[in-house]
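S.K.: Protein sequences appear in the order of chains E and D.
Going by this note's numbering, the first sequence opens with residue 4, and the numbers climb by one from there.
Going by this note's numbering, the second sequence opens with residue 4, and the numbers climb by one from there.
Protein chains: 2
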Amino acid sequence: MAATLSDVAARAGVSIKTVSNVVNGTGRVGAETRDRVERVIEELGYRPNVSARNLRHGRSGVIALAVPEIGNPYFAELAELVVKAAEGYGWTVLIDQTDADPDRERLVLQGIRSHLIDGLLFVPGRLSADDFAARTDTTPMVLLGERLTRVADRVAIDSYAAARAATEHLIDLGRTRIAAIGATASGDAVSRGRYEGYHDALVAAGHRPSARLVVPQRRWRHESGVEAVGRLLALSRPPDALFCSNDLLAHGALRALHDHGVRVPDDIAVVGIDDIAESRFSRPSLTSVAPDKRHIAETAVGLLADRLKGSFSSAPREFIAGFHLEVRESTEG
Amino acid sequence: MAATLSDVAARAGVSIKTVSNVVNGTGRVGAETRDRVERVIEELGYRPNVSARNLRHGRSGVIALAVPEIGNPYFAELAELVVKAAEGYGWTVLIDQTDADPDRERLVLQGIRSHLIDGLLFVPGRLSADDFAARTDTTPMVLLGERLTRVADRVAIDSYAAARAATEHLIDLGRTRIAAIGATASGDAVSRGRYEGYHDALVAAGHRPSARLVVPQRRWRHESGVEAVGRLLALSRPPDALFCSNDLLAHGALRALHDHGVRVPDDIAVVGIDDIAESRFSRPSLTSVAPDKRHIAETAVGLLADRLKGSFSSAPREFIAGFHLEVRESTEG
DNA sequence: ACCGCGCGGTACAACGTTGTACCAAGAAAC
DNA sequence: GTTTCTTGGTACAACGTTGTACCGCGCGGT
C-alpha cells in the first residue's frame with residue numbers, strides 16, 4: 004500500500020501536520036526536523052493523495068477537453084497544443100470523446116465529470132443553443148467553436164469569415180462553378196457558418212448559387228470527400244472548384260478527383276479548412292485556411308485559468324482567433 | 004455551491020446515508036422515501052463528488068494514456084480506440100504527453116499522477132530497461148510497444164516482424180537497393196526492432212546492407228522524410244525502394260520524391276508502418292504495415308482491468324497483436 | 001402476551017489532507 | 001523577574017462519501 008502522511012509522521016516521530024508542512028512548504032519547521040522528514044519521505048516513497056487534496060480544497064488540477072473525435076488530426080493537433088498550454092498552469096488534460104453525439108455532448112455539458120475536473124474546454128458538435136441554456140452545471144467552461152449563445156467564454160476562428168475567404172480565393176482564380184462539400188445551411192453552427200460564408204461569397208461576386216453544387220456530409224472525413232466527388236462529377240455540368248469544409252474532406256476529394264482523371268487545379272481547384280499537417284505534404288498540396296491553433300489553445304486555457312482565479316460571474320468573453328489562407332498547389336498549380 | 008448529500012438529506016428529511024443508498028441502489032429504502040429523495044436530487048441538481056468517492060474507496064475511474072505526442076495520427080487513432088475501450092469499463096482517459104523526453108517519461112513512470120489514476124497505459128519512447136527496473140510506483144501499468152524488460156504487461160505488434168515483412172515485400176518486388184528511413188540500430192527499442200527487421204530481411208535475401216542507405220531520424224514526421232529523401236537522392240547510386248519506419252516519414256518521402264521528379268513506384272517503391280488514415284487516400288496511396296489497432300487498444304485496456312480486479316502480483320503477460328501488409332499504389336503501381 | 005424477524009432507516013467512523021487555533025519553551029525587553 | 005514575542009510544533013475539525021453496526025417498529029407465529 005502507498006504511504007500516507009501518517010506513515011511518514013509515525014516513522015519520523017512528528018505529527019502529521021508537520022509532515023504536511025514539509026511537503027507543502029507551509030507553516031514553520033526547523034531545519035533538522037525538515038531534513039529528517041524529507042529522508043523518511045524519500046525512504047517510504049511517499050506521494051500526496053490527490054483525491055484527498057482535491058476533496059480538501061475542491062480542486063483537482065485536471066481539466067477536460069471534449070472533442071467529437073480525437074482521431075481527427077485537427078482535434079489531435081489542437082489537443083497537443085492544449086496539453087502544452089495546460090502544463091504551464093500545472094494542469095492535466097483529460098479527453099472526452101463525444102462522437103458528435105448529442106446525448107453524449109449533453110452529458111458532458113451537464114457535468115458528467117464535475118468534481119473530477121476544474122474546468123472544461125468544449126468543442127461542441129451538434130448541440131443547440133437550448134441545450135446550452137439548460138446547462139445547470141457550474142464548472143467553468145470555455146467553448147471552442149461557433150457561438151451558439153452567449154453562455155460561456157468562447158475562442159474560435161470565425162467560420163463564416165474563413166469559409167468566405169476560401170471561397171473568394173476560388174472566385175479570384177476565375178472559377179465560376181464552385182461546389183461546397185460538407186457544410187449545409189441546416190446543420191450545426193459550424194456547418195451553417197461555413198455554408199453561409201461560401202454562399203455569401205458567391206452572391207457578393209455576382210455568382211448564382213446552385214443547390215446542385217452543395218453536397219452536405221454528416222461526417223467530415225476522407226471517405227465523405229470521396230463520395231461527394233462521385234456525386235459532383237456525375238452532374239451534367241460538373242464544378243470547376245471545390246470548397247471543402249475541412250481538410251479531411253478535401254484530401255478525400257483530391258484522391259477521388261485523381262481517380263476520375265480530373266486534373267487539380269487545372270480542371271478543378273480545391274480548398275479546405277484546418278491546415279492539418281497532411282495538407283502540407285499531400286500531392287497536390289492543399290490550399291487551406293489555417294487557423295492559429297496555438298493561439299486558440301493558449302487563449303482557451305488562459306480564459307479557463309481566469310475563471311478559476313475567481314472571476315466566475317463576469318460576463319462571457321469572446322476571442323476570435325486569426326486565420327490566414329495557405330495557398331498551395333491545389334489552387335495555384 | 005454544488006449540492007452535497009447532506010443538502011439533499013436535510014431537504015428530504017432523511018439521513019445522509021439514506022440518500023447515499025438511493026444514489027447507489029444500496030441498502031433498503033422504501034418506495035415512497037426513494038421517490039421523495041429522487042425528486043430532491045433532481046431539484047437540487049445533486050451530483051456525487053468524485054473526489055470524495057475516490058478517497059473513500061481508493062479508485063478514481065481515471066486511467067492515463069501516456070504517448071510521445073498526441074498530434075501524431077497513429078497515437079491519435081490509438082487514443083480514440085483506447086477511449087472507446089475504456090468507456091466499456093466506465094473509465095475516463097487522461098492524456099499524458101511525454102514529447103519522447105526521457106525526463107518526462109521517467110516522471111510518468113514514477114507515478115507523477117498516482118492516486119489520480121487507477122492505471123497507466125504507457126507508450127515509451129526513449130526509456131531504457133534500467134529506468135523500468137527502477138520504477139517504484141505501484142500503479143498498474145500496461146506497456147504499449149517494444150519489450151524493454153519483463154516488468155509489466157505489454158501489448159504490441161512485433162516491430163521486428165513488421166519491419167521485416169515490409170522489407171520482404173520490397174525484395175519480392177525485385178528491388179535491390181532498399182533504403183531505410185527513421186530506424187537505427189542505436190536508437191530506442193522500437194527503432195532498433197525496425198532496423199533489425201529491415202537488416203535481417205536484406206541479409207536473408209542475400210542482399211548486402213549498405214550503411215549509406217540508412218538514414219536515421221530522431222523525429223518520425225513528414226519533415227524528416229523529406230529531408231531523408233534529399234540525402235538519399237544525392238547518393239551516386241540512389242535507392243530503388245524506401246522502407247520508412249512510420250507512415251508520416253513515408254508521406255514526407257513521397258512528397259519529396261515527387262518534387263525531385265522521381266516516379267513512385269516505378270523508380271522507387273515506398274512502404275511505411277502504422278497504416279494511418281492518410282495512407283489510404285494519399286497520392287499515391289501508401290503501402291503500409293497495418294497493426295490491428297483496435298485489438299491493441301482493447302487488449303491493453305482489458306489487461307489493465309484484470310490488474311485492477313486483483314491480480315496485482317501475477318507475472319507480466321505479453322500480447323503480440325497481429326498486423327498485415329496493406330499493399331497500395333506506392334509499391335504496386 | 002411474548003418472541004423472532006424482516007423492513008426501513010440511522011449513527012458513526014474512516015478514507016488522507018490541510019486550515020485554524022492553540023501551546024510550550026526559550027529569547028528578548030523592561 | 002515578570003511580560004511579551006518568536007519559533008517550532010501539535011490537536012482538531014472538516015472536505016463528501018460509504019461500509020459496518022445497530023435500532024425501532026409492526027407483523028406473524030406460538
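Don't be surprised by glycine CBs; every beta carbon is placed ideally from N, CA and C.
A quick note: this is a predicted structure, and the numbers were derived from the prediction, not measured.
Looking only at C-alpha atoms, which of D/N75, D/K20, D/L81, D/L68 sits nearest to D/E108?
M.R.: D/L68
S.K.: Please identify, using Cβ separations under 9 Å, the residues of the region 283–301 of chain D that lie next to chain E, in order along the chain.
M.R.: When CB distances to chain E are screened at a threshold of 9 Å, the residues of the region 283–301 of chain D falling below it are R283, F284, S285, R286, P287, S288, in chain order.
S.K.: Quick test of your reading: E/V249 and E/G275, contact by CB under 8 Å. State the CB separation rounded to the nearest angstrom.
M.R.: For the record, residue 249 of chain E in the displayed sequence is Asn; it is not Val. Rounded, the Cβ-Cβ distance is 6 Å, consistent with contact.
S.K.: Whose C-beta lies closer than 6 Å to the C-beta of E/V70 among residues of the same chain, with five residues either side of it excluded?
M.R.: F78, V126
S.K.: Measure the C-alpha to C-alpha separation of D/V193 and D/A186 and round it to an integer number of angstroms.
M.R.: Between the alpha carbons of D/V193 and D/A186 lies a gap of roughly 8 Å.
S.K.: Just confirm the distance between the C-beta atoms of D/A82 and D/A324, as a whole number of angstroms; I'd bet it's less than 8 Å.
M.R.: About 16 Å separates the two Cβ atoms, so there is no contact after all.
S.K.: Identify, in the order they occur along the chain, each residue of the same chain with its Cβ nearer than 7 Å to the Cβ of D/A308, setting aside the five sequence neighbours on each side.
M.R.: Closer than 7 Å at Cβ, skipping near neighbours: Y92.
S.K.: Please report whether the beta-carbon of E/D106 lies at a distance below 9 Å from any beta-carbon of chain D.
M.R.: At a cut-off of 9 Å, the C-beta of E/D106 has no neighbouring C-beta in chain D.
S.K.: Contact criterion: CB-CB distance below 9 Å. Does D/E80 meet it with respect to chain E?
M.R.: yes
S.K.: Who does E/V65 pair with in a DSSP beta bridge?
M.R.: E/T95
S.K.: Does any residue of chain D have a CB that is nearer than 9 Å to the CB of E/P312?
M.R.: Sequence inspection shows Lys at residue 312 of chain E; the Pro mentioned does not correspond to that position. Closer than 9 Å: no.
S.K.: Pick out the complete beta strand (DSSP E) segments inside the region 97–150 of chain E, 3 residues or longer, and give them in chain order.
M.R.: 122–125, 144–147
S.K.: D/L328 lies in the beta strand (DSSP E); which residues open and close that run?
M.R.: 326–329
S.K.: Looking only at its chain, what residues have a beta carbon closer than 8 Å to the beta carbon of E/T7, apart from the 5 residues adjacent to it on each side?
M.R.: So the qualifying residues of the chain are Y49, N52.
S.K.: Of the choices D/S189, D/R150, D/T334, D/H225, whose alpha-carbon is the least far from that of D/R320?
M.R.: The closest CA to that of D/R320, considering only D/S189, D/R150, D/T334, D/H225, is found on D/R150.
S.K.: Quick one: is D/E335 near chain E, going by C-beta distance under 9 Å?
M.R.: no
S.K.: Under a CB-based cut-off of 9 Å, is D/Q220 close to chain E?
M.R.: Judged by the 9 Å Cβ criterion, D/Q220 is not in contact with chain E.
S.K.: Do D/L47 and D/A300 have their beta-carbon atoms positioned less than 9 Å apart in this structure?
M.R.: no
S.K.: Pull the bridge partners of D/E321 from the DSSP assignment, please.
M.R.: D/R157
S.K.: Hey, quick one: how far does the beta strand (DSSP E) through E/A183 stretch, first residue to last?
M.R.: 181–185
S.K.: Short of 7 Å Cβ to Cβ, which residues in the region 43–59 of chain D face chain E?
M.R.: Taking 7 Å as the Cβ-Cβ cut-off against chain E, the residues of the region 43–59 of chain D that qualify are G48, R50, N52, V53, S54, A55, N57, L58.
S.K.: Distance, Cα to Cα, D/G74 vs E/E80?
M.R.: Near 5 Å, if we compare the C-alpha coordinates of E/E80 and D/G74.
S.K.: Sorted by chain position, which residues of the same chain lie with C-beta nearer than 7 Å to E/V96's C-beta, five sequence neighbours on each side aside?
M.R.: I66, L68, V85, V86, A89
S.K.: Taking the alpha helix (DSSP H) that E/G275 belongs to, which residues open and close that run?
M.R.: Element bounds for E/G275: not the alpha helix (DSSP H) but the beta strand (DSSP E), 272–276.
S.K.: Note the first and the last residue of the continuous beta strand (DSSP E) segment covering D/L245.
M.R.: Per DSSP, D/L245 belongs to the beta strand (DSSP E) from 244–247.
S.K.: Could you tell me how far apart the beta carbons of E/A188 and E/Y198 are, in whole angstroms, since I believe they sit closer than 8 Å?
M.R.: 5 Å
S.K.: Taking E/S291 as part of the beta strand (DSSP E), name the residues at either end of that continuous run.
M.R.: 290–294
S.K.: Hey, is D/P76's beta-carbon within less than 9 Å of any beta-carbon in chain E?
M.R.: yes
S.K.: If you measure from the beta carbon of E/H327 to each beta carbon in chain D, is any gap under 9 Å?
M.R.: The beta carbon of E/H327 sits no closer than 9 Å to any beta carbon of chain D.
S.K.: Excluding sequence positions up to five away, which residues of its chain have a Cβ less than 7 Å from the Cβ of E/D134?
M.R.: R109, L112
S.K.: Could you give the first and the last residue of the continuous beta strand (DSSP E) run that contains E/P241?
M.R.: Taken as a continuous stretch (DSSP letters only), E/P241 belongs to no beta strand (DSSP E), as it is neither H nor E.
S.K.: Given that D/R116 touches chain E, what residues does it touch there, using C-beta distances under 7 Å?
M.R.: By Cβ distance, chain E contributes T95.
S.K.: Would you kindly work out how many angstroms separate the C-alpha atoms of E/V229 and E/R167, rounded to a whole number?
M.R.: 23 Å
S.K.: If we define contact as Cβ-Cβ less than 9 Å, is E/A231 a contact residue for chain D?
M.R.: Output row for E/A231: interface = no.
S.K.: So what's E/V25 in DSSP terms, helix, strand or just coil?
M.R.: helix
S.K.: From E/I279, E/G64, E/R129, pick the residue whose C-alpha is nearest to that of E/D106; which is it?
M.R.: E/R129
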